[in-house]
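This report refers to the structure that appears directly beneath it.
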Amino acid sequence: MKELTTNEKQELLDQFGKRVIEHVRDTSLNISMNIATGKTVNPILRKQYSGLSKLSDKEKELVCDLLSETITDTIYNFLDMFESYPDEMKLYISNSSGEYNMCDVSEKMGGKIAFEDEDGWIQKFSKVGRFIM
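The following block contains the structure:
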């Protein structure tokens, strides 16, 4: 396995981050926001969370913001777990050049999700905007 350049590391991080944001964060956030706003087509979930329909638009917005933060924090904590237990847990990504341990590719991998950073994965890859009624 060859040593990666800075650009190659960034490409791997972007490849991984794009999948994390699109497949995990955005998918989960869309499902949660549709439930919170009563837009879900799932009749079981509509009934289970019918109490949310009594919330004002501002309260629904706060619920959706909380869901966004919670999902993002969960992803951060999941990624941080690999860095906290490097001898017990490994997270690998592969490309045409080989297979790489993500903890070796990036220090503080979870920090790449950064919501307030313009280079963060959310800003680069998310298709879910801030909740607006």
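Position one of the sequence shown corresponds to residue 237 (the working numbering), numbered consecutively onward. Ideal Cβ positions, reconstructed from N, Cα and C, are used throughout, including at glycine.
Check	Outcome
Kindly indicate which three-state DSSP category Gly356 falls into: helix, strand or coil?	coil
Please state whether DSSP places Glu247 in a helix, a strand or coil.	helix
In chain order, what residues of the same chain lie with their CB nearer than 8 Å to the CB of Met325, ignoring the 5 residues before and after it?	Met317 and Phe318
Excluding the 5 residues flanking Leu303 on each side, which residues of the same chain have their C-beta closer than 7 Å to its C-beta?	Leu265, Ser268, Met269 and Ala272
For Thr308, tell me which candidate among Thr263, Ser292 and Asp323 has the shortest Cα-Cα distance.	Thr263
Where are the alpha helix (DSSP H) runs, 4 residues long or more, that stay fully inside the stretch 244 to 314, in chain order?	263 to 272 and 279 to 284
In the DSSP assignment, the beta strand (DSSP E) including Ile349 goes from what residue to what residue?	Looking at the DSSP string, Ile349 is not in any beta strand (DSSP E), and its letter there is neither H nor E.
Assign Tyr321 to one of two classes, buried (16 or more other C-beta atoms within 10 Å of its C-beta) or exposed (fewer than that).	exposed
Just the Cα atoms here: how many angstroms apart are Lys348 and Asp355?	8 Å
Rounded to the nearest angstrom, what separates Glu258 and Lys290 at their Cα positions?	30 Å
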